[in-house]
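Chains as they are written, first to last, in UniProt numbering: chain D, 1 to 139; chain G, 1 to 139; chain V, 1 to 105; chain S, 1 to 105.
Here the structure is laid out as C-alpha cells; the discussion comes afterwards.
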Amino acid sequence: MVEAANQNKGDIIKLTIPAMAEYVSVVRLTSSAIASRIGFDIEEIEDIKVAIAEACTMIIKNGEKQNIDINFEILADILNISVQAKYFVCQERDNKVFDVYDNKSLSILIIESLMDKVECESCDGIVCLKMMKKLRVDV
Amino acid sequence: MVEAANQNKGDIIKLTIPAMAEYVSVVRLTSSAIASRIGFDIEEIEDIKVAIAEACTMIIKNGEKQNIDINFEILADILNISVQAKYFVCQERDNKVFDVYDNKSLSILIIESLMDKVECESCDGIVCLKMMKKLRVDV
Amino acid sequence: MGLEVKKEFDKNKNVWILKPMGEIDIYTSPSFRDILLEMINEKSVDVILDGEGLIYMDSTGLGVLISGLKKLREKDKNIILTNIKPNINKLFDITGLNKVFIIKE
Amino acid sequence: MGLEVKKEFDKNKNVWILKPMGEIDIYTSPSFRDILLEMINEKSVDVILDGEGLIYMDSTGLGVLISGLKKLREKDKNIILTNIKPNINKLFDITGLNKVFIIKE
Ligand SMILES: Nc1ncnc2c1ncn2[C@@H]1O[C@H](COP(=O)(O)OP(=O)(O)O)[C@@H](O)[C@H]1O
Ligand SMILES: Nc1ncnc2c1ncn2[C@@H]1O[C@H](COP(=O)(O)OP(=O)(O)O)[C@@H](O)[C@H]1O
C-alpha cells in the first residue's frame, strides 16, 4: 500500500474562496483530501472537515462580500489550519447554556470539541481562527 | 434539489500546493468539487480533474522545490483554470508520433483533448498554462 | 451533492415523516428551513426525521431543527430523529442537543 | 486513496495477472513501475492487467505501461488490458495507445 509518510515537514497548502455558502462544499472536500493524504483516520478526517467548514460558516453569516483564506500547515505529526477573513466575527464559547433556544455559539462549540487547540487572533483588522489537530501515531 | 446556479459570475477560487507528487490528489479532489458545484456533468468533471492534474504532473516532473498556483475563475457558463509555477516546462504537442515509444507529450496531448481551449503563456519567468472548459447548458 | 428533501404525512400515526437526502449545510439549509416550517404551519404534529440518506449536517442545520422544535413545543409536539449517521450523531452529542431532541436508533 | 498492487502468476496460461487497486498517478507510479519491471525481469511472459479495481490513471501510469511493453516486445510478449473503467479507457483513446496495447472488454 503506497501511503502518506510526512517526511515533508512544513508543507503549506492554501485555499482561497469567495465567502459564499455554495463554496463551503469545496472547502470540505479539499480539507478531507489534505487530512486523508496526511494519514488521519476516517473519524479525524471528518472532524477536521467539520471544524473548517464551521469556521467558514461563521464568516459567511457576516455577509458574502469578501474572501476566505485557509492555510494548511503540515508538520510531522500536526496539522495547523488557519481560517481568516476581514469581516470575521468569531463566536465566543458560551459554557452556560441556560436556555437551549438562546445560545449563539454552536459553531465555536463544535470547532473546540473537534480540534486539539483553537485560538482566535486578530491583526491589522483581519481576524484569524487557528486550529490544530494532532496526528495520533500508531505504534 | 438544491443545485448550483452560476449567478455569481467572476468568482475566483485559488489553490496553492507545494510541487510534490503527494499533493496532486488534493488538486484532483478540489478540482472535482469546484467543477461539480458549478454544474458540470460527471464526464466533464472527470475531464477537468484529469487535465488539471496533468498540468501539475508536468510541473512536478521538473523538480519538487516550488509551489504550484491554481486559479479557478467561474464565469456564467465557463470555467477558466490557470496553473502556474516558476520552473514549468510546458510540453509541446507533437502530432507526428512515429515511434510510439518516443513521444514526450502525453500530458499536453491529454489536456488539449479534454479541455475546450488551452494556451501556454509566460510572463516574468512564470509559465502559466491556461485552460477553459465550457458548461454545456441543457435546455 | 446538494440536498433533496422528501416529506410525507402519515395519517395513521398522525406524524410528518421528513427524509433529507444529501447534505444540510449553510448552502442548503435555507431551503430545508422553508420546507420544515411550511410543514409545521400546515399541521402541528410530531415530526420524524429519518436520517438514512442524510450524510452531512452543520450548525446551520442544527439551527433549523432548533427553530422547528421551538415552534412545535408551543403545541406540545416534538422532533424525533431516527437512523442518524454517526458523524451527525456526534454533533448532537457535542452540542448537548442530544438532550433536547428525541434521538432513536 | 493510494495504490495497492496484487500480482499472481498463472501457471496454466503462463501469464502474469496484475491487479492495481486504487490510483496510479505521479505519486504512486514509481512503486507501480518497480512491481511491473520486477515481474517482467522474473518471467518475460504476457501480462494481463485487470483494471477492475483501478479507478484512476494518469500519464505517468501510461508511461510505466509503455516502458513495460517496450521490454516485453523484445521477447515478443504483450500487455493485455481487461476490465478497464471508461474514464481510463478514454485516456487510451485520446493518446492513441488503444492501438498499442491489447484492450479487451
Ligand atoms: N447548545 C445549544 N443547545 C440548544 N440550542 C442551541 C445551542 N446552541 C445554539 N442553539 C440554538 O441554535 C440556533 C442557531 O444557533 P447558531 O447557529 O449558533 O446561531 P445563529 O442563530 O446566529 O445562526 C439558535 O436559535 C440557538 O437558540
Ligand atoms: N502517444 C504516445 N504513444 C505511445 N507512447 C507514448 C506516447 N506518448 C508518450 N509515450 C511514451 O510514454 C513514455 C512516457 O511519456 P511522458 O510521460 O510523456 O514523458 P516522460 O518520459 O518525460 O515522463 C515515454 O517513454 C514515451 O515513449
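Note that the Cβ used here is the ideal one computed from N, Cα and C, for glycine as well.
Subject >> Residue nearest to G:C128 in terms of C-alpha spacing, selected from G:V24, G:A21, G:V83 and G:D116 >> reply: In the second sequence, residue 128 of chain G corresponds to position 128, counting from 1. Comparing Cα-Cα distances from G:C128 to each of G:V24, G:A21, G:V83 and G:D116, the minimum goes to G:V83.
Original post:
So with Cβ pairs under 8 Å, would you call D:M1 a contact of chain G?
Top reply: Translated into the one-based positions of the first sequence, residue 1 of chain D becomes position 1. Confidence in D:M1 is poor, its pLDDT being 41 and thus under 50, which makes the residue's placement unreliable; the coordinate value appears in the next sentence. No, no contact with chain G.
Original post:
What does D:L109 reach in chain V if we use C-beta pairs closer than 9 Å?
Top reply: In the first sequence, residue 109 of chain D corresponds to position 109, counting from 1. Here the neighbours are S59, I94, T95 and G96.
Original post:
Once you ignore the five residues that flank G:V118 on each side, which residues in its own chain have a CB closer than 6 Å to its CB?
Top reply: Within the second sequence, numbered from 1, the residue matching residue 118 of chain G stands at position 118. Here the set comprises I111, E112 and M131.
Original post:
Which runs of the alpha helix (DSSP H) fall wholly inside the UniProt domain "STAS" (5-105) of chain S and span at least 4 residues, in chain order?
Top reply: 29-42, 59-74 and 86-95
Original post:
Quick one, which of G:R93, G:M20, G:K133 and G:K65 has its alpha-carbon nearest D:I34's?
Top reply: Here residue 34 of chain D refers to the residue found at position 34 of the first sequence. Closest option to D:I34, Cα to Cα, is G:M20.
**OP:** Keeping to the same chain, check which residues put their C-beta closer than 6 Å to that of D:L75; ignore five residues upstream and five downstream.
**Re:** Counting from 1 along the first sequence, the entry for residue 75 of chain D is found at position 75. These residues qualify, in order along the chain: K9.
**OP:** Report buried or exposed for V:D58, applying the criterion of at least 16 other Cβ atoms within 10 angstroms of its Cβ.
**Re:** As a working note, residue 58 of chain V is residue 58 in the third sequence. Result: buried.
Subject >> CB contact below 8 Å: V:I26 versus chain D >> reply: As a first step, residue 26 of chain V is located in the third sequence; it is residue number 26 there, counting from the start. Chain D contact via Cβ: present.
Original post:
Can you tell me the Cα-Cα spacing of V:S44 and V:N14, whole angstroms?
Top reply: Numbered from its first residue, the third sequence carries residue 44 of chain V at position 44. Numbered from its first residue, the third sequence carries residue 14 of chain V at position 14. In a straight line, the C-alpha of V:S44 is about 10 Å away from that of V:N14.
Original post:
Can we say the segment 47-62 of chain V touches the segment 88-99 of chain V, given the rule of at least three CB pairs closer than 8 Å?
Top reply: yes
Original post:
Taking only beta-carbon atoms, is G:E22 less than 8 Å away from chain D?
Top reply: Numbered from 1 along the second sequence, position 22 holds the residue referred to as residue 22 of chain G. At least one chain D Cβ lies under 8 Å of G:E22.
Subject >> Bridge partner(s) assigned by DSSP for G:Q84 >> reply: As a working note, residue 84 of chain G is residue 84 in the second sequence. Partner(s): G:D69 and G:C128.
**OP:** If I'm right that G:M115 touches G:A51 with Cβ under 8 Å, what's the distance once you round it to whole angstroms?
**Re:** In the second sequence, counting from the first residue as 1, residue 115 of chain G sits at position 115. In the second sequence, counting from the first residue as 1, residue 51 of chain G sits at position 51. With a Cβ gap of about 5 Å, G:M115 and G:A51 count as contacting.
**OP:** Give the straight-line distance between the Cα atoms of V:K77 and V:L37, rounded to the nearest whole angstrom.
**Re:** For the purposes of this step, residue 77 of chain V is taken as the residue at position 77 of the third sequence. For the purposes of this step, residue 37 of chain V is taken as the residue at position 37 of the third sequence. Each residue's Cα considered, the two are about 14 Å apart.
Subject >> Beta-carbon proximity check, G:N71 vs G:A85, cutoff 8 Å >> reply: Within the second sequence, numbered from 1, the residue matching residue 71 of chain G stands at position 71. Within the second sequence, numbered from 1, the residue matching residue 85 of chain G stands at position 85. Not a contact, by the Cβ cut-off of 8 Å.
Original post:
Within 8 Å (strictly less), CB to CB, does G:A4 reach chain D?
Top reply: Looking up residue 4 of chain G in the second sequence gives position 4. In this predicted model, G:A4 has a pLDDT of only 48, less than 50, meaning its place in the structure is not dependable enough to derive any value.
Original post:
Can you give the beta carbon distance from D:F88 to D:I59, rounded, assuming they're within the 8 Å contact cut?
Top reply: Here residue 88 of chain D is taken as the residue at index 88 of the first sequence, counted from 1. Here residue 59 of chain D is taken as the residue at index 59 of the first sequence, counted from 1. D:F88 to D:I59, Cβ: 5 Å. Contact.
**OP:** State the CB to CB distance for the pair D:K14 and G:T16, rounded to an integer number of angstroms; the pair is presumed to be in contact (CB under 8 Å).
**Re:** Here residue 14 of chain D corresponds to residue number 14 of the first sequence, with the count starting at 1. Here residue 16 of chain G corresponds to residue number 16 of the second sequence, with the count starting at 1. Sure, about 4 Å apart at Cβ, within 8 Å.
**OP:** Determine, using beta carbons only, whether G:T30 comes closer than 8 Å to chain S.
**Re:** What you label residue 30 of chain G is simply residue 30 of the second sequence in a count that begins at 1. Chain S, which has no Cβ nearer than 8 Å to the Cβ of G:T30, makes this no.
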